[in-house]
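Chemist:
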Amino acid sequence: MTLDLIKDILLATVPLLIIFPTMFALTTWVERKALARIQNRIGPNKVGVPLTPYGGKLSLFGLGQPAADGIKMLFKENIVPTGADRLFHFLAPILSLIPSMLVLCFLPLDFPWLNGEQNSVKAFMLDGAVIFFFAITGLNTLAVFMAGWASRNKYSLLGGMRAIAQMVSYEIPLVLSAVVVVMIVGSLNADNIAKAQEGWNWFVFQPWGLAAFVIFFIGALAETNRSPFDLPEAESEIIAGYFTEYSGFKFALFFLGEYIAMFAISGLAVTLFLGAGAGPGVESLSWLKIFWFLTKVCILIGVMIWLRGTLPRLRVDQLMGFAWKFLLPLSILNIFVAGFAWHIKDANKETATSVVVWIASIIILYAAAKGLDRVNRAKVKPRTYQYGE
Amino acid sequence: MNEVTAFWMLAAISVLGALIAVRKRNLVHGVFALLVFFVGLAGLFLLLLAEFIAVVQILVYAGAVGILILFAIMLTDRVTGRDAFRVTSRGSFWGALISLAVFLVILLPTIQDIPTIENPTPKETIVETSTVKQLGIHLIKPYIITIEILALLLTAALVGAVTAAQGGRASENEENNK
Amino acid sequence: MTLALHHCLILAAVLFCIGLLGAFSRRNAIVVLFSVEIMLNAANLNFIAFWRYGTNPELLHGPLFTLFTIAVAAAEVAVGLALVIAVYRHFRSVDLESLDTLKE
Amino acid sequence: MSVLGSGIFKGMAVTLKNFVGSYFDKERLTTNEYAWQANDKLPERAGDYPKEEAEQLSDTTTVTQYSRNFPMLLHDAGEPMDTVRCVACQICERECPPQCIYIEKSTEKKERSGNKAQFYPATFDIDVSVCMSCQICVEVCPFDAIVMNSQFELSTPSRFGELLLRRDDLLKSNDYYYKIHPEEASARDKRIADEKAAKEAKKKAAEAAKKKAAEAKSKSEAEAKAKEEAEAASKPTEPSDTPPAESTATPSTEPPATPTTEPEKEGSAE
Chain A
488 MTLDLIKDIL
498 LATVPLLIIF
508 PTMFALTTWV
518 ERKALARIQN
528 RIGPNKVGVP
538 LTPYGGKLSL
548 FGLGQPAADG
558 IKMLFKENIV
568 PTGADRLFHF
578 LAPILSLIPS
588 MLVLCFLPLD
598 FPWLNGEQNS
608 VKAFMLDGAV
618 IFFFAITGLN
628 TLAVFMAGWA
638 SRNKYSLLGG
648 MRAIAQMVSY
658 EIPLVLSAVV
668 VVMIVGSLNA
678 DNIAKAQEGW
688 NWFVFQPWGL
698 AAFVIFFIGA
708 LAETNRSPFD
718 LPEAESEIIA
728 GYFTEYSGFK
738 FALFFLGEYI
748 AMFAISGLAV
758 TLFLGAGAGP
768 GVESLSWLKI
778 FWFLTKVCIL
788 IGVMIWLRGT
798 LPRLRVDQLM
808 GFAWKFLLPL
818 SILNIFVAGF
828 AWHIKDANKE
838 TATSVVVWIA
848 SIIILYAAAK
858 GLDRVNRAKV
868 KPRTYQYGE
Chain B
403 MNEVTAFWML
413 AAISVLGALI
423 AVRKRNLVHG
433 VFALLVFFVG
443 LAGLFLLLLA
453 EFIAVVQILV
463 YAGAVGILIL
473 FAIMLTDRVT
483 GRDAFRVTSR
493 GSFWGALISL
503 AVFLVILLPT
513 IQDIPTIENP
523 TPKETIVETS
533 TVKQLGIHLI
543 KPYIITIEIL
553 ALLLTAALVG
563 AVTAAQGGRA
573 SENEENNK
Chain C
1479 MTLALHHCLI
1489 LAAVLFCIGL
1499 LGAFSRRNAI
1509 VVLFSVEIML
1519 NAANLNFIAF
1529 WRYGTNPELL
1539 HGPLFTLFTI
1549 AVAAAEVAVG
1559 LALVIAVYRH
1569 FRSVDLESLD
1579 TLKE
Chain D
3 MSVLGSGIFK
13 GMAVTLKNFV
23 GSYFDKERLT
33 TNEYAWQAND
43 KLPERAGDYP
53 KEEAEQLSDT
63 TTVTQYSRNF
73 PMLLHDAGEP
83 MDTVRCVACQ
93 ICERECPPQC
103 IYIEKSTEKK
113 ERSGNKAQFY
123 PATFDIDVSV
133 CMSCQICVEV
143 CPFDAIVMNS
153 QFELSTPSRF
163 GELLLRRDDL
173 LKSNDYYYKI
183 HPEEASARDK
193 RIADEKAAKE
203 AKKKAAEAAK
213 KKAAEAKSKS
223 EAEAKAKEEA
233 EAASKPTEPS
243 DTPPAESTAT
253 PSTEPPATPT
263 TEPEKEGSAE
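Here it is as structure tokens:
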């Protein structure tokens, strides 16, 4: 019995532990390459796989770079500042990795080929998976603060405080936009949400779903400290924020945690809005579900990288204002719109009604967004540029 | 690895967390110990099959309250320097005595007549009857008034907190202006 | 040996008394505040334990009451910390012993 | 009235175009591959470069004439220490924001070829690990002795010591300067020549004015004649004075003051 339990635990967790760190390694390479191309550079292209011990290598566009980086990180000197709180300085990177790894278990990913088609294993079968996801993602903030505080460095502390303020603010629109989906499906269970979107009934094709998806994606960018919301680690302002004082393997753990968090939150976005594993051919081949899921996650990550190469960083007041004055009212309105749209559709199942509801809700949401935008911009004078076009 | 082992481990975690939280001189360490206590308690809730409560415990306590306390510490104590660590105790002896007395008063009845429940409800029944959906239906149907009052309370708390925290600054500004 | 009600009750008693000890013996207002939180959480543990081992668990009294407690506690922490900050602004201290203006 | 968020999409279109274009369009991928071969000797210290300077600098895609990296000391043609322009005035040392320059003045003046005896820097060190390439030393130098180099191959195996550039590493000839920054070098030399010319012209003009003034004084009795002559004296001086005043860029030099003083002199003469 115990052996079975251990086997089940391994079957449920090992694929997650293989897939996502591998994706992390590849993503770092893709990100460096893509950003380089966006900025007219080449990016890493030298490190390859050595063919013989005496020379000759397969460079493969620098695909060996992640491995080289990993080895470098492992053997780098571990520097702890004199004034630092040694225990917390040690714990913070570990604590930042744990929540990100843990939430991967809540994604509706099951690996059917490992245990026979009938009973696939899942690490957690929780009723409230979605809310658990948010609860545990919130713990990431504490690790960031811990790192900032334990470093005994003003810049680190500033980065930590910025991270807390930002994550707490953006968690609200994030949760409120997920609430829409939860409300429509009537369940917090990730599997039920995935089931409700089978075929092409993805929620992102609904007007409220689209609005919620956009809000969710923006919130996700802020929650994972991605550009343009990377204020906690703004290099030009506060060195590297909370991981200024980290080096070597601890820094690698932070890095890993950050990327895994990106995957996790993209996975949640895919689950909530992009139909989870839905896609062509999933009826006949069940493992295609995993393929489609991971493909969608990769596309979202690609968009994140693309945005990082495009947008400049926000100012702190702009960041806070955007969360509280724009995203929050819009996501609350979106809940009402979704409720009404769903109610009217439920009462009247004709196609014409649903088209009218679709158009009406899109107009309402767009008008609201535009209005909020104008209200928020009212006090800001249009900027004139001396040298720009 | 049965339930009792898990219980003792979680109990040890939460008791240790709570003890460190109240006795540690360094405030920030104390807060993190408190968070360990909250998470340990969430584990206990999970063990007692109250899954949703465990989630809410982590979401509200570890997520929100912990961060709020950290913010308060950052705003009130000097972060660097000795002040952050200078938290002295008062009347430790009498405090310990009273706590011990209260503990005995609570404990004695528990030990004397342990409420022996012959056959507690089986796990499966509880899991089936206490889904999030059931909880939601209960909240909306019989407890709707409570929910409304709670919403009002939270709004009042929000407004109150903002005024309390900001009022000081306003008066300070006035003083500065004088 | 299976998990029984008295395990939880004793644990809750211990946690409650730790909270009490903190509230009595510390001078920092914030520490007193989180001692109170520990006491509240010990009470929550009792609610859940009684629900789990009591009669009629399908009525969900325990979890519901715990939910309400958590909500009230959250409100209490928010207001409490706001007051602590206000007091700090006024007296430049969060030491409870030094807040004795009314004595004079 | 624009569509909400259209700016973001516009920006994303630009970056996408650059991303895709970099695979097809040579114009969009301006970076060259780093030409260091695996068997190249690693530099022992800053100043040892894997490529010959000329070879590196002929690679115009890597180093254009507008690139600047760290300062260097200029000397004119000939023996470096004989023709070095620096007089160890230590202005750059004082002005350097990160204080990466360290100068020791020589104890006695030294004769230089083509110039009068001057102090020279006995030590002139620049810590390039501290230098932030701000170019303030270049701005403040009144002798045009320090300019920016575009040498960038500075990696060394040690982070201590080897990044400290000594005086002899820093000394570079004016020809080299012409090679790496042709436009800037010729502009600078033109300015130096103009300044010199202006100085000489001013000297000459002052002498001429003195002479004319003396003449005017002697002929003060003949009123009508003197006036005519004073006008004639002022005419030739003006055109020779004004062009140098416009061409000089450094505010500390005197020429701008000359045109205003000239009429006063005339007035006093009258």
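Chains as they are written, first to last, in the working numbering: chain A, 488 to 876; chain B, 403 to 580; chain C, 1479 to 1582; chain D, 3 to 272.
Cβ atoms here follow ideal geometry from the backbone N, Cα and C, with glycine treated the same way.
Fair warning: this is a prediction, and the values are worked out from it, not measured in the lab.
Just mark ASP614/A as buried or exposed, buried being the case when its beta carbon has 16 or more other beta carbons within 10 Å.
Modeler: buried
Chemist: Taking just the CA atoms, how far does THR624/A sit from LEU545/A?
Modeler: Each residue's alpha carbon lies about 40 Å from the other.
Chemist: Three-state secondary structure (DSSP) at PHE409/B?
Modeler: helix
Chemist: List the residues of chain A that GLU21/D touches, going by C-beta distances under 7 Å, in chain order.
Modeler: Note that residue 21/D corresponds to Phe in the displayed sequence, not to Glu. The answer, in chain order, is ALA521, ARG524, ILE525.
Chemist: Check this for me: beta carbons of PRO660/A and ILE702/A, under 8 Å apart or not?
Modeler: yes
Chemist: Do you know whose CA, among ALA665/A, ARG864/A, ILE651/A, PHE813/A, lies nearest LEU761/A's CA?
Modeler: ALA665/A
Chemist: Run through the DSSP bridge pairs and tell me what LEU75/D is partnered with.
Modeler: The partner list for LEU75/D (beta bridge, DSSP) reads ILE148/D, LEU173/D.
Chemist: Go through its chain and collect everything with a Cβ distance to LYS812/A's Cβ below 6 Å, but skip five positions before and after it.
Modeler: ASN863
Chemist: Closer than 7 Å by C-beta to PHE692/A: which residues in its own chain qualify, once you throw out the five before and the five after it? Chain order, please.
Modeler: none
Chemist: Contact between the stretch 748 to 755 of chain A and the stretch 781 to 800 of chain A is defined here as three or more beta-carbon pairs at a separation below 8 Å; is this criterion met?
Modeler: yes
Chemist: For the alpha helix (DSSP H) containing ASP1514/C, name the first residue and the last one.
Modeler: It is Val, not Asp, that sits at residue 1514/C in the sequence shown. 1507 to 1531 is the span of the alpha helix (DSSP H), which, as asked, contains VAL1514/C.
Chemist: Below 8 Å, can you find three or more Cβ-Cβ pairs linking the stretch 1519 to 1531 of chain C to the stretch 447 to 461 of chain B?
Modeler: yes
Chemist: I'd like to know if the stretch 580 to 597 of chain A and the stretch 425 to 433 of chain B are in contact, where contact means that at least 3 CB-CB pairs between them fall below 8 Å.
Modeler: no
Chemist: Bridge partners for LYS112/D per DSSP, in chain order?
Modeler: GLN120/D
Chemist: ALA464/B CB to nearest chain A CB: under 8 Å?
Modeler: It does: the Cβ of ALA464/B has a partner Cβ on chain A nearer than 8 Å.
Chemist: To the nearest angstrom, how far is it from the Cα of ALA558/B to the Cα of GLY796/A?
Modeler: Pairing ALA558/B with GLY796/A, the inter-Cα distance amounts to about 44 Å.
Chemist: Mapping DSSP to helix, strand and coil, what is PHE537/A?
Modeler: Looking at the sequence shown, residue 537/A is not Phe but Pro. When DSSP states are grouped into helix, strand and coil, PRO537/A belongs to the strand group.
Chemist: Based on Cα-Cα distance, which residue from ILE651/A, HIS830/A, LYS868/A, TRP687/A lies nearest to GLY635/A?
Modeler: ILE651/A
Chemist: Bridge partners for LEU545/A per DSSP, in chain order?
Modeler: Beta-bridge pairing links LEU545/A to VAL536/A.
Chemist: Is there at least one Cβ from chain C nearer than 8 Å to ILE475/B's Cβ?
Modeler: yes
Chemist: Does the structure place the stretch 191 to 206 of chain D close enough to the stretch 102 to 113 of chain D that three or more beta carbon pairs sit under 8 Å?
Modeler: no
Chemist: Would you mind stating whether ALA1491/C and GLU1515/C have Cβ atoms separated by less than 8 Å?
Modeler: no
Chemist: Give the secondary structure of PHE126/D by DSSP, where H, G and I count as helix, E and B as strand, and everything else as coil.
Modeler: strand
Chemist: If you measure from the beta carbon of ILE850/A to each beta carbon in chain D, is any gap under 8 Å?
Modeler: Not one chain D Cβ lies under 8 Å of ILE850/A.
Chemist: Say whether the stretch 150 to 165 of chain D touches the stretch 111 to 126 of chain D, bearing in mind that this needs 3 or more beta-carbon pairs closer than 8 Å, one atom from each stretch.
Modeler: no
Chemist: Name the chain C residues whose beta carbon is nearer than 8 Å to that of LEU421/B?
Modeler: ILE1496, listed in chain order.
Chemist: Mark ALA637/A as exposed unless 16 or more other C-beta atoms lie within 10 angstroms of its C-beta, in which case mark it buried.
Modeler: The residue is buried, with at least 16 neighbouring Cβ atoms inside 10 Å.
Chemist: Spell out whether any CB of chain A is found under 8 Å from the CB atom of ILE10/D.
Modeler: yes
Chemist: Can you tell which of CYS88/D, CYS102/D, THR17/D has its C-alpha closest to the C-alpha of LEU522/A?
Modeler: THR17/D
Chemist: Closer than 8 Å is the cut-off here; do at least three beta carbon pairs connect the stretch 449 to 460 of chain B with the stretch 1534 to 1549 of chain C?
Modeler: yes
Chemist: For chain B, find out if any of its Cβ atoms is closer than 8 Å to the Cβ of LEU806/A; answer yes or no.
Modeler: no
Chemist: What are the boundary residues of the alpha helix (DSSP H) that includes LYS535/B?
Modeler: 534 to 542
Chemist: By DSSP, does GLU106/D sit in helix, in strand, or in coil?
Modeler: strand
Chemist: Could you tell me the boundaries of the alpha helix (DSSP H) in which ASN1539/C lies?
Modeler: The sequence shown places His at residue 1539/C, rather than the Asn named in the question. Taken as a continuous stretch (DSSP letters only), the alpha helix (DSSP H) holding HIS1539/C covers 1539 to 1569.
Chemist: Using 8 Å for Cβ pairs, my map puts ALA698/A next to LEU852/A. What's the rounded Cβ distance?
Modeler: 5 Å
Chemist: Pull the bridge partners of VAL662/A from the DSSP assignment, please.
Modeler: None; VAL662/A has no bridge partner.
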